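Undergrad:
Number of protein chains: 2
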Amino acid sequence: MTIKDIARLAGVTHSTVSRSLNDSPLVAAETKEKIKKLATELGYSPNTFARRLVTKKSNTLGVFFLSRAEINFMENFGTQFLDGIATASSNNGYDLLMFTMTRDLSNQKSYIRLCQEKHVEGVIFIGMTSDDPHLAEIAASQIPVCIIDFELKGDHVGFISSDNDQGIRLALDHLWQNGHRSIAHLGGPEVSPVAMIREDAYRRYMTSHGLESKIKILRGDFTKDSGYRRTQEMIRQGHLPTALLAANDYMALGAVKALKEQGYKIPSDVSIIGYDNVLAGEYSDPGLTTIGQNPIEMGASAVQYLFEKLKGGAPSPIHLINPNLIIRDSVRPIPIR
Amino acid sequence: MTIKDIARLAGVTHSTVSRSLNDSPLVAAETKEKIKKLATELGYSPNTFARRLVTKKSNTLGVFFLSRAEINFMENFGTQFLDGIATASSNNGYDLLMFTMTRDLSNQKSYIRLCQEKHVEGVIFIGMTSDDPHLAEIAASQIPVCIIDFELKGDHVGFISSDNDQGIRLALDHLWQNGHRSIAHLGGPEVSPVAMIREDAYRRYMTSHGLESKIKILRGDFTKDSGYRRTQEMIRQGHLPTALLAANDYMALGAVKALKEQGYKIPSDVSIIGYDNVLAGEYSDPGLTTIGQNPIEMGASAVQYLFEKLKGGAPSPIHLINPNLIIRDSVRPIPIR
DNA sequence: TTGTACGCGTTATCAA
DNA sequence: TTGATAACGCGTACAA
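Chains as they are written, first to last, in my numbering: chain C, 210 to 546; chain G, 210 to 546.
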């Protein structure tokens, strides 16, 4: 079933059919209607390959999933990003081509080269790390790129992340409103930009609320185990805060474990708030109050960036998504001293 | 950069270039080498659209992600399946086209129709449910289909799942070897085929090991909450087994919570084993011993099925992947009575 | 307003 | 062993 078939049945030439189906104004309204009706009746759909060959437009976006067996922190974010990305691009008539690269493969072929070969019009990267060998090439890419949760400067590269500063404020406001004044921070590693942003936000909040003297930072590495050990050390030193703000949920769960082991009750003895809203926090005991990242919206925004670029616009290279507070059972109100 | 450009530079016609690049035996070894070398030097890559237009082969597989906001049980399986799928198809030179359908959209457009329009050669479905409106159409599909974790009969549809029967045996063997003889089963809902298979496997194991009189089944619905409540009821009735085998991890975590609340220690008082190896079980306290599903292998097998179909073979329509036992801290050895 | 003719970059079928 | 030529299905100048 091609436009030629339709042309024959309609008694016109294929050019007229092509024009009609593409809503050209150069064709009589009457014949246009007739042809359109015929086309749907016949269940016609254009051959995308032929169309792409002549228009030189692929109407396709690429998504790179940079997974690494040893790092599982993305958990179900991956699929949620995908959800936002896929619906946004499908709403705009774009196809989505998937690429996954495991760590060992990443050296073999250039991402950008791959995109050119597949005629992808824009790319999204998920799971990018600072040791990726293709960073420079991506930064110089002529085709629009958007990276989720990883900032990279480049003329055509965008950066989508959740607003960590706002997220930390949300968490601390919640603790503050529940009467907490002695709040320690279980931070992430110094090599992680996200960890530093969160830690900085904590510092500023404490300072601006007259709690500068209460600032206390334990540094972990985002694993449950590090949260567990740092908390154990804090317990041993004897000075427990009334609340603990962790830079991610896994460390928060480690802290919960350490405190429970020493006979403390959560949240009656110590309130704990995490960050990321991983599923484990929903199923832990007590349910972990935390900050959620709206991964679906993040995915949609990444696509949005690419489309604006493709339209020739100049979208902001950095776009932060509002996080939200998810209240469960690990924070309790205390009397204000 | 097209074959014509190369032809001009090599002093031959584009046909010769095409033949050389496709390793045709009809071209002199000498010129073939020369042209190949020239092509790589120039960084040539063929225009897939032109090629597909004439060969009528898309070299593309489709993946449908049938996500539903209200059901989050797939957790990070989704991305792991994808990993297996993407690497397997890329190894065979196939592209991967992504489709996601949220529940409300699923009525709008036929999956199979979509596949035809995109010229997809084979499809994989993830997250299929029995109330999907397109099941009949999929069953009748002429293009090869493989569904993960959902069985559907059809000439060209395959079914990939983990071997639930074997998984349950693995779990019960582990309990048996640790001296447990009084083992209750926290099962899933009757409407779930997987739940029934697991329950049946439990029954058979108990019977074949002379523990028929110890068979005890609590029926939940795969949620943490149902595991919690069923376990509470069991505690109230007073007859606690030494071990509990749950049909999934979330119910197992619910059981852990109920038991802890009543002052029981896990695993010293009751051993618990889950199923699925969700991340939450890794971060729970105690770490949950469970059965893992090898989602990456499942994804790869789905692709494998499609390729065999495409080659004209007749692969088995049902393929079960071996699960594996993941030992953490929720099972302890007890003296055999 | 419609038809004719050409080109997009390949592969494939003839002849030579 | 190579070259000329025709497709593949579509979009679009140009002519009518």
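Think of the CB as a built atom: it goes at the ideal place given N, C-alpha and C, for glycine as much as any other residue. Only a predicted model underlies this, so the values are computations on that prediction, with no experimental measurement involved.
Does the beta carbon of residue 250 of chain G come closer than 8 Å to any beta carbon on chain C?
TA: Output row for residue 250 of chain G: interface = no.
Undergrad: Report yes or no: is there a C-beta of chain C within less than 8 Å of the C-beta of residue 433 of chain G?
TA: Yes, because at least one Cβ of chain C sits closer than 8 Å to the Cβ of residue 433 of chain G.
Undergrad: So that I know if they touch, is there some Cβ in chain G lying closer than 8 Å to that of residue 214 of chain C?
TA: No, residue 214 of chain C lies away from the interface with chain G (no Cβ there is under 8 Å from its Cβ).
Undergrad: How long is the line joining the alpha carbons of residue 399 of chain G and residue 431 of chain G, rounded to whole angstroms?
TA: Between residue 399 of chain G and residue 431 of chain G, the C-alpha separation is close to 11 Å.
Undergrad: What's the call for residue 270 of chain G, buried or exposed, on a 16-neighbour Cβ count within 10 Å?
TA: It is buried - the Cβ of residue 270 of chain G has at least 16 other Cβ atoms within 10 Å.
Undergrad: Output the distance between the C-alpha atoms of residue 331 of chain C and residue 404 of chain C, rounded to the nearest integer angstrom.
TA: Going by the C-alpha atoms only, they are around 29 Å apart.
Undergrad: The beta strand (DSSP E) spanning residue 369 of chain C covers which residue range?
TA: First-last of the beta strand (DSSP E) with residue 369 of chain C: 366–371.
Undergrad: Would you list the one or two residues that DSSP bridges to residue 481 of chain G?
TA: Note: residue 481 of chain G sits in a beta bridge opposite G:453.
Undergrad: When you check each C-beta in the segment 249–276 of chain G against every C-beta of chain C, which residues fall closer than 8 Å?
TA: Here the close residues are 254, 256, 257, 258, 259, 261, 262, 267, 272, 274, 276.
Undergrad: Which full runs of the beta strand (DSSP E) of 3+ residues lie inside the segment 466–534 of chain G, going along the chain?
TA: The qualifying runs are 480–482, 499–501, 527–530.
Undergrad: Name the DSSP beta bridge partners of residue 331 of chain G, please?
TA: Residue 331 of chain G pairs with G:270.
Undergrad: Does the beta carbon of residue 346 of chain C come closer than 8 Å to any beta carbon on chain G?
TA: Chain G contact via Cβ: absent.
Undergrad: From the beta carbon of residue 326 of chain C, is the nearest beta carbon of chain G less than 8 Å away?
TA: By this cut-off, residue 326 of chain C is an interface position.
Undergrad: How long is the line joining the alpha carbons of residue 300 of chain G and residue 527 of chain G, rounded to whole angstroms?
TA: Answer to the nearest angstrom: the Cα atoms are 23 Å apart.
Undergrad: Tell me whether residue 224 of chain C is buried or exposed, calling it buried when 16 or more other Cβ atoms sit within 10 Å of its Cβ.
TA: The residue in question, residue 224 of chain C, is exposed, as its Cβ has fewer than 16 Cβ neighbours within 10 Å.
Undergrad: Identify whether residue 344 of chain G lies in helix, strand or coil by the three-state DSSP scheme.
TA: Correct three-state label for residue 344 of chain G: helix.
Undergrad: Check whether the segment 436–446 of chain G touches the segment 406–420 of chain G, taking contact to mean three or more Cβ pairs, one atom from each stretch, closer than 8 Å.
TA: No contact exists between the segment 436–446 of chain G and the segment 406–420 of chain G.
Undergrad: Should residue 306 of chain G and residue 306 of chain C be called a contact, given that it needs their Cβ atoms to be closer than 8 Å?
TA: In contact: residue 306 of chain G and residue 306 of chain C (Cβ atoms closer than 8 Å).
Undergrad: Looking only at DSSP bridge pairs, what is residue 304 of chain G linked to?
TA: Answer is G:269, bridged to residue 304 of chain G.
Undergrad: Give the C-beta separation of residue 347 of chain G and residue 303 of chain G to the nearest angstrom, bearing in mind that I take them to be a contact with Cβ-Cβ under 8 Å.
TA: Actually they do not touch by this definition, with Cβ atoms about 20 Å apart.
Undergrad: Cβ closer than 8 Å: which chain G residues qualify as neighbours of residue 295 of chain C?
TA: The contacting residues are 274, 307, 308, 309.
Undergrad: Report buried or exposed for residue 446 of chain C, applying the criterion of at least 16 other Cβ atoms within 10 angstroms of its Cβ.
TA: It is exposed - the Cβ of residue 446 of chain C has fewer than 16 other Cβ atoms within 10 Å.
Undergrad: Check this for me: beta carbons of residue 498 of chain C and residue 479 of chain C, under 8 Å apart or not?
TA: Taking 8 Å as the Cβ cut-off, residue 498 of chain C and residue 479 of chain C do not qualify as a contacting pair.
Undergrad: Is the separation between the beta-carbon of residue 352 of chain G and that of residue 365 of chain G shorter than 8 Å?
TA: Yes; because the gap between Cβ atoms is below 8 Å, this pair is in contact.
Undergrad: Let me check one thing: in DSSP terms, what residues is residue 394 of chain G bridge-paired to?
TA: In the DSSP output, where bridge partners are listed per residue, residue 394 of chain G has G:426, G:454.
Undergrad: Closest to residue 356 of chain C by C-alpha separation, out of C:535, C:345, C:538, C:511, would be which residue?
TA: The option with the nearest alpha carbon to residue 356 of chain C is C:511.
Undergrad: Under a CB-based cut-off of 8 Å, is residue 279 of chain C close to chain G?
TA: Its pLDDT being 45, under 50, residue 279 of chain C is placed unreliably in this model, and the value from its coordinates should be taken loosely. Answer no: the Cβ-Cβ gap between residue 279 of chain C and chain G never drops below 8 Å.
Undergrad: Given a limit of 8 Å on CB to CB distance, which residues of the segment 472–504 of chain C reach chain G?
TA: Cβ contacts with chain G come from 487, 488, 489, 491, 492, 493, 494.
Undergrad: 8 Å is my cut-off, CB to CB: does residue 320 of chain C come that close to chain G?
TA: Output row for residue 320 of chain C: interface = no.
Undergrad: What did DSSP end up calling residue 357 of chain C once you bin it into helix, strand or coil?
TA: Here residue 357 of chain C sits in strand by DSSP.
Undergrad: Is DSSP giving residue 298 of chain C helix, strand or coil here?
TA: Residue 298 of chain C falls in the helix class under three-state DSSP.
Undergrad: Please report how far the alpha carbon of residue 256 of chain G lies from the alpha carbon of residue 262 of chain G, in whole angstroms.
TA: Those two C-alpha atoms are separated by around 10 Å.
Undergrad: Would you call the segment 459–474 of chain G and the segment 418–437 of chain G in contact, with 3 or more CB pairs under 8 Å?
TA: Contact between the segment 459–474 of chain G and the segment 418–437 of chain G is present, because at least three Cβ pairs lie under 8 Å.
Undergrad: Between residue 290 of chain C and the rest of its own chain, which residues show a CB-CB distance below 7 Å, the 5 nearest in sequence each way excluded?
TA: Counting only Cβ-Cβ distances below 7 Å, and skipping sequence neighbours, we find 335, 357, 504, 507, 508.
Undergrad: Going by alpha carbons, who is nearest to residue 292 of chain C out of G:296, G:293, G:259, G:308?
TA: Here the closest residue by C-alpha is G:308.
Undergrad: Establish whether the CB of residue 341 of chain C and some CB of chain G are separated by less than 8 Å.
TA: So, not an interface residue.
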